[in-house]
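Residue numbers (my numbering): 58 to 457. Input: a single structure, listed below in structure tokens.
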Ligand SMILES: *Cc1c(COP(=O)(O)O)cnc(C)c1O
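Here it is as structure tokens:
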């Protein structure tokens with residue numbers, strides 16, 4: 058019989074009851090070190106006192122009023138995002154897919170309103186992930202996810218990630234934007250080179266089209282900078298954010314330059330929940346922590362510490378790990394074909410460590426941004442044991 062909870066996920070049998078910082082406890086008292094953070098979402102870890110207090114206090118006052126009225130918490134959060142990014146204006150919604158859906162609408166509107174309604178196609182990349190709604194599925198372009206949900210929404214074409222010649226070849230009179238993740242998260246924690254991001258910016262300027270950045274997974278400090286594209290020293294024209302921005306509370310955002318945002322006039326786009334007082338109280342509490350002096354420096358420091366440890370582990374386990382890739386606290390272990398990331402993920406669970414699988418047989422690590430070096434040491438110790446579990450038996454003795 059079908060479970061009451063629709064079986065759209067292969068769930069691990071781990072019902073968590075409580076959390077604290079980077080740790081989670083199951084209902085039967087087993088403790089896990091959480092290096093998945095609810096898929097790079099619990100940016101402040103679990104039960105962060107400041108976030109908990111902000112949500113509790115706001116919930117006791119007013120949770121939801123709708124966008125028919127002014128929302129001071131949203132105005133404040135938008136102003137802070139504008140102040141700390143390339144953007145001039147922000148739209149709030151509830152998830153990554155919804156943010157991308159709105160971002161796609163924003164670039165289409167921009168092109169339509171600036172005399173190029175024919176530029177309704179976005180160049181996207183092989184290995185991308187932009188969400189599960191119909192438009193974002195088409196932007197994702199993964200045949201497996203699209204199967205049975207056809208017809209795919211038109212307006213997207215895909216080229217190999219990192220291939221600038223292919224990008225330039227793809228830009229014809231129908232193209233109005235390029236949509237890119239600075240690090241492909243679901244697709245395998247594959248970073249774009251900083252040079253590639255700069256070249257994308259250049260091509261967009263050259264052709265007068267928009268650079269749309271999907272920072273749903275990479276944003277809000279995960280890379281060690283507030284936004285991952287800042288490592289390349291470039292600015293997009295429009296960007297989506299979600300996951301870490303609410304620290305676990307559902308919140309998404311579209312950040313846009315004025316030239317894009319000004320075309321989304323009253324009545325062109327909306328969301329009933331979007332930017333409600335409760336979600337924005339959570340968003341503001343996350344920013345209180347992430348923007349505090351020294352916080353991102355510490356993220357960068359602990360990330361480099363994690364990377365050093367992972368590179369050493371990769372060297373110690375050449376029979377299992379092919380390489381380490383990603384940015385900041387979004388890191389992937391690329392595994393050899395003989396060891397699946399699912400197998401490795403289960404081995405980590407058996408050792409008490411939570412991770413997330415990603416595409417291209419990558420094991421993804423995305424600890425909360427508040428993770429300490431001592432917790433990184435512990436994770437490395439558990440990973441070392443999990444890697445031994447997964448080492449093909451002939452190689453096991455050599456690895457010891
Ligand atoms: C997770 C993710 C999405 C989709 O976000 P949802 O909140 O699941 O809708 C979109 N883009 C990227 C890069 C993501 O990592």
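We put the CB at the ideal spot given by N, CA and C, even for glycine.
Going by Cα to Cα distance, which pick from the options is closest to residue i?
i: residue 386; options: 228, 308, 281, 104; result: 281
i: residue 347; options: 427, 154, 246, 219; result: 427
i: residue 275; options: 286, 267, 258; result: 286
i: residue 208; options: 190, 222, 224; result: 190
i: residue 262; options: 234, 278, 247; result: 234
i: residue 322; options: 167, 284, 118; result: 167
i: residue 133; options: 333, 436, 367; result: 333
i: residue 437; options: 341, 369, 379, 337; result: 369
i: residue 154; options: 300, 61, 446; result: 300
i: residue 298; options: 273, 242, 305; result: 273
i: residue 425; options: 65, 173, 105; result: 105
i: residue 283; options: 243, 357, 204, 107; result: 357
i: residue 340; options: 307, 367, 185; result: 307
i: residue 201; options: 244, 318, 221; result: 244
i: residue 315; options: 61, 184, 225, 139; result: 139
i: residue 88; options: 447, 406, 440; result: 406
i: residue 294; options: 137, 384, 145, 205; result: 145
i: residue 131; options: 176, 344, 246, 184; result: 344
i: residue 242; options: 128, 173, 420; result: 420
i: residue 185; options: 270, 206, 129; result: 270
i: residue 180; options: 174, 205, 211, 172; result: 211
i: residue 383; options: 417, 324, 246; result: 246
i: residue 225; options: 249, 240, 260; result: 260
i: residue 264; options: 288, 176, 349, 338; result: 176
i: residue 248; options: 164, 172, 203, 390; result: 390
i: residue 141; options: 367, 349, 79, 435; result: 349
i: residue 128; options: 439, 338, 156; result: 338
Hey, residue i and residue j are a contact pair by Cβ (cut 8 Å); roughly how many whole angstroms apart?
i: residue 182; j: residue 218; result: 4 Å
i: residue 422; j: residue 388; result: 5 Å
i: residue 292; j: residue 143; result: 4 Å
i: residue 392; j: residue 377; result: 6 Å
i: residue 408; j: residue 365; result: In fact, because the Cβ distance is near 21 Å, the residues do not count as touching under 8 Å.
i: residue 81; j: residue 103; result: 6 Å
i: residue 277; j: residue 100; result: 6 Å
i: residue 336; j: residue 305; result: With 8 Å as the limit, residue 336 and residue 305 do not qualify as a contact, their Cβ atoms being about 11 Å apart.
i: residue 268; j: residue 255; result: About 11 Å separates the two Cβ atoms, so there is no contact after all.
i: residue 187; j: residue 266; result: The pair is not a contact, with the Cβ atoms about 18 Å apart (cut-off 8 Å).
i: residue 331; j: residue 151; result: 6 Å
i: residue 342; j: residue 62; result: In fact, because the Cβ distance is near 29 Å, the residues do not count as touching under 8 Å.
i: residue 170; j: residue 326; result: Wrong, their Cβ atoms sit about 13 Å apart, outside the cutoff.
i: residue 221; j: residue 253; result: 7 Å
i: residue 371; j: residue 381; result: 5 Å
i: residue 279; j: residue 97; result: 6 Å
i: residue 379; j: residue 449; result: Contact doesn't hold; Cβ gap of about 14 Å is too wide.
Residue i bridges to which residues according to DSSP?
i: residue 235; result: 180, 268
i: residue 150; result: 309
i: residue 248; result: 240
i: residue 284; result: Looking at the DSSP assignment, residue 284 forms no beta bridge with any residue, so it has no partner.
i: residue 91; result: 411
i: residue 417; result: Residue 417 is not bridged to any residue.
i: residue 65; result: Bridge partners of residue 65: none, in fact.
i: residue 391; result: 380, 419
i: residue 76; result: 81
i: residue 214; result: 180
i: residue 401; result: According to DSSP, residue 401 bridges with nothing at all.
i: residue 295; result: 269, 313
Spell out whether any CB of chain C is found under 8 Å from the CB atom of residue i.
i: residue 277; result: The chain inventory of the structure shown lacks chain C, comprising one protein chain alone.
Quick one: does the C-beta of residue i sit closer than 7 Å to a heavy atom of ligand 2?
i: residue 428; result: Summarising the ligand content, the structure contains ligand 1 and does not contain ligand 2.
Cβ pair count under 8 Å reaching 3, the region 93-107 against the region 406-415:
With the cut-off at 8 Å, the region 93-107 and the region 406-415 touch.
Inter-stretch contact (C-beta, 8 Å, three-pair minimum) for the region 344-361 and the region 121-130:
The region 344-361 vs the region 121-130: no contact.
Start-end ranges of the alpha helix (DSSP H) lying completely within the region 298-384, minimum 4 residues:
If we require 4 residues or more, the alpha helix (DSSP H) runs fully inside the region 298-384 come out as 315-318, 334-347, 352-373.
Evaluate the contact criterion for the region 393-410 versus the region 73-80: three or more CB pairs, one atom per stretch, below 8 Å.
The answer is no - the region 73-80 does not touch the region 393-410, with fewer than three Cβ pairs under 8 Å.
Pairing CB atoms from the region 156-169 with CB atoms from the region 311-322, are three or more of them under 8 Å?
The region 156-169 is in contact with the region 311-322.
Using 8 Å as the cut-off, can you tell me whether the region 191-200 makes contact with the region 217-233, which would need three or more C-beta pairs spanning the two stretches below that distance?
Counting Cβ pairs under 8 Å, fewer than three are found: no touch.
At 4 residues or longer, what runs of the alpha helix (DSSP H) sit wholly inside the region 103-135?
Segments of the alpha helix (DSSP H) lying fully in the region 103-135: 106-118.
Given 8 Å, three or more beta-carbon pairs between the region 106-114 and the region 429-439
Taking a contact to require three or more Cβ pairs closer than 8 Å, the region 106-114 and the region 429-439 do not qualify as touching.
Which whole runs of the alpha helix (DSSP H) in the region 161-207 are 4 residues long or more, in chain order?
Correct list: 191-197, 200-203.
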